[in-house]
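K.L.:
The letter at position 57 of the sequence shown is residue 42 when you use this note's numbering, and the numbering goes up by one with no holes.
Ideal Cβ positions, reconstructed from N, Cα and C, are used throughout, including at glycine.
All of these numbers come straight from a predicted model, not from anything done at the bench.
The structure is given below, and queries will be raised subsequently.
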Amino acid sequence: MYCSNDNSILELEKFANNRKVIAIGETGLDYYHHRKNVNLQKKFFRQHIRTALKLNKPLIVHTRNSSSDVLKILKEEKAHICKGVIHSFTESKSIAKKFLDMNFFISFSGITTFKNAQHLLEVVKFIPIERMLIETDSPYLTPVPYRGRENQPAYLYNIANYLSKIKNMNLNIFSAITTKNFYRLFFKHNK
């Protein structure tokens, strides 16, 4: 949701204050597709962080080709207080560590199953299971063996199965921990 003025921020706060709303986002910065509106993206991102802090809700953060600016803004706005998740993570282990140091979770999508995403496997091994989430990012980023089709929530099983092998864990234990992580992040704020 783009917030173009103070009224739209008030509207965002009004809707986000509902108990059924468990997070603020997806928000963040995307320099891959949107290089012409960088300053506007930064402005909205800051407003969303402030709303999350005000309402005590975690953030769902998107970062693409923008991790240094995302980290800088999260630090400046003290987003470690509200916490959140870096969704569909594709960055390096050193970037992951910086997000972990800010109390953020790291979420992995079907991208991890792609042949050209081998660099992510070291990141998956590095992330403590207690700080990991998984997602489909439907309808995009469909995991192998369904790549080329529209993604769907049922394919979360394939992502969990793949990542549990990378983490050298039993699938049921891996799934139980990542599910617990989800509730720990998103529902501790909604009690």
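Considering only the beta carbon of each residue, do I71 and I96 sit closer than 8 angstroms?
P.N.:
Cβ distance not < 8 angstroms, so I71 and I96 don't count as in contact.
K.L.:
Rank S(-7), E62, I34 and P124 by C-alpha distance to the C-alpha of A8 and give the top, closest one.
P.N.:
Ranking S(-7), E62, I34 and P124 by Cα distance to A8 puts I34 first.
K.L.:
Do N143 and P124 come within 8 angstroms of each other at the CB atom, strictly closer than that value?
P.N.:
Cβ distance not < 8 angstroms, so P124 and N143 don't count as in contact.
K.L.:
At the level of alpha carbons, what is the spacing between Y147 and T98?
P.N.:
Rounded to whole angstroms, Y147 to T98 spans 7 angstroms at the Cα level.
K.L.:
Given a cut-off of 8 angstroms on the beta-carbon distance, is the pair A1 and L40 in contact?
P.N.:
Yes.
K.L.:
Measuring CA to CA, which of R49, F167 and N88 is closest to E120?
P.N.:
Checking every option, the nearest Cα to that of E120 belongs to F167.
K.L.:
Give the single residue among I45, V6 and I(-6) whose Cα lies nearest to the Cα of I28.
P.N.:
First, the amino acid is wrong: residue 28 is Lys here, not Ile. Ranking I45, V6 and I(-6) by Cα distance to K28 puts I(-6) first.
K.L.:
Taking the CB atoms as reference points, tell me whether E11 and I45 lie closer together than 8 angstroms.
P.N.:
It is a contact, given that the beta carbons lie within the stated cut-off.
K.L.:
If C67 and L38 are in contact, beta carbons under 8 angstroms, what's the gap, nearest whole angstrom?
P.N.:
Contact flag correct, Cβ pair sits at about 5 angstroms.
K.L.:
Just mark E112 as buried or exposed, buried being the case when its beta carbon has 16 or more other beta carbons within 10 Å.
P.N.:
Note that residue 112 is Ile in the sequence shown here, rather than Glu. Its Cβ being crowded by 16 or more others within 10 Å, I112 is buried.
K.L.:
Residue range of the alpha helix (DSSP H) that L44 falls in?
P.N.:
Here L44 belongs to no alpha helix (DSSP H); instead the beta strand (DSSP E) covers L44 to R49.
K.L.:
Bridge partners for V70 per DSSP, in chain order?
P.N.:
For V70, which the question treats as bridged, DSSP gives the partners I45 and F90.
K.L.:
Suppose contacts are defined by Cβ-Cβ distances below 8 angstroms. Is P43 in contact with G13 by that definition?
P.N.:
In this structure, G13 does not lie closer than 8 angstroms to P43 by Cβ.
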